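Presented below is the structure to which this report refers.
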Amino acid sequence: MKIRLVDKNDIAAILAVQQKSPEAARWTQSDYERLAEDPGGKILVAELETMDPPKLLGFAAFHRILDEVELRNAAVDPEHREQGVAKALLEDARERLLKAGAKRVFLEVRASNKPALSLYCSVGFALHSLRKGYYRDPDDDAFVLALELFPPTVLSPL
Ligand SMILES: CC(C)(COP(=O)(O)OP(=O)(O)OC[C@H]1O[C@@H](n2cnc3c(N)ncnc32)[C@H](O)[C@@H]1OP(=O)(O)O)[C@@H](O)C(=O)NCCC(=O)NCCS
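Per the working numbering, the sequence shown runs over residues 8 to 165.
So, in structure tokens, the structure goes:
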């Protein structure tokens, strides 16, 4: 499996994965194109390069403003879930975002989305706050999760 930056030719395959993932944000082709062209935007894709043509397994879409990043959308093809694809995407993103000067990543997730919560906990996200009744269709609370990319500096006694 290879993790790389999105190419404009990937967007149809990203939309196909999104279509099979009702928990993902419902974005249009131009939403992805705009984010990919935004200087603060970063979309990573995971692909199975041993297939001909390579198959897009999943994606993660980020937006950075100064040292804060928002994970705005992510999904993995249902046929390839629970095989470490999303974790590989987030671990790769962490290295790239650190190099770009980011200090923390935030995201919102439905409180009922157990697979996503397991994923985010497994890469070190922690609960930042709760937004009661944030989601509609169906109604749900949102957890705001945060991942510190730099461990906090521990002050030693003077
Ligand atoms: C959430 C999602 C991206 C996870 O992708 P994935 O490739 O299956 O996740 P991974 O295989 O990398 O798993 C990462 C961790 O989460 C855990 N996990 C993933 N799916 C799980 C599930 N259904 N139940 C329990 N734990 C799960 C894994 O065990 C793993 O934990 P570990 O590292 O401690 O072993 C995928 O389920 C998905 O696309 N869901 C629909 C879209 C969505 O919810 N997007 C997020 C919106 S905020």
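Backbone N, C-alpha and C fix where the C-beta goes; we use that ideal spot for every residue, glycine too.
Every value quoted in this text rests on a predicted model; they were computed, and no experiment measured them.
{"Query": "If you measure from the beta carbon of Leu165 to each beta carbon in chain C, is any gap under 8 Å?", "Result": "The displayed structure is made up of one protein chain only, and chain C is not part of it."}
{"Query": "Output needed for Leu126: all residues of its chain with C-beta closer than 6 Å, excluding positions within five of it in sequence on either side, in chain order.", "Result": "Ala93"}
{"Query": "Excluding five sequence neighbours on each side, which residues of the same chain lie with their C-beta closer than 6 Å to the C-beta of Leu105?", "Result": "Leu156"}
{"Query": "I'd like the span of the beta strand (DSSP E) that includes Leu12, first residue to last.", "Result": "9-12"}
{"Query": "Could I get the ranges of all uninterrupted beta strand (DSSP E) runs contained in the region 63-124, with 3 residues as the minimum, in chain order?", "Result": "75-83, 111-117"}
{"Query": "Out of Val151, Val130, Phe132, Gly131, state which residue places its alpha-carbon closest to the alpha-carbon of Lys139.", "Result": "Val151"}
{"Query": "Compute the Euclidean distance between the alpha carbons of Tyr142 and Ala118, then round it to the nearest angstrom.", "Result": "10 Å"}
{"Query": "Nearest to Leu22 by CA position, among Arg33, Leu12, Asp14, is which residue?", "Result": "Arg33"}
{"Query": "Please report the residue range of the beta strand (DSSP E) in which Leu162 lies.", "Result": "Where Leu162 is concerned, there is no enclosing beta strand (DSSP E), given that its DSSP letter is neither H nor E."}
{"Query": "Taking buried to mean at least 16 other C-beta atoms within 10 Å of its own C-beta, is Asp84 buried or exposed?", "Result": "buried"}
{"Query": "Go ahead and pull the three-state DSSP assignment for Ala32.", "Result": "coil"}
{"Query": "Looking at Arg88 and ligand 1, is the gap between the Cβ and the nearest heavy atom below 7 Å?", "Result": "yes"}
{"Query": "Given this structure, state the Cα-to-Cα distance separating Asp17 from Leu165, to the nearest angstrom.", "Result": "54 Å"}
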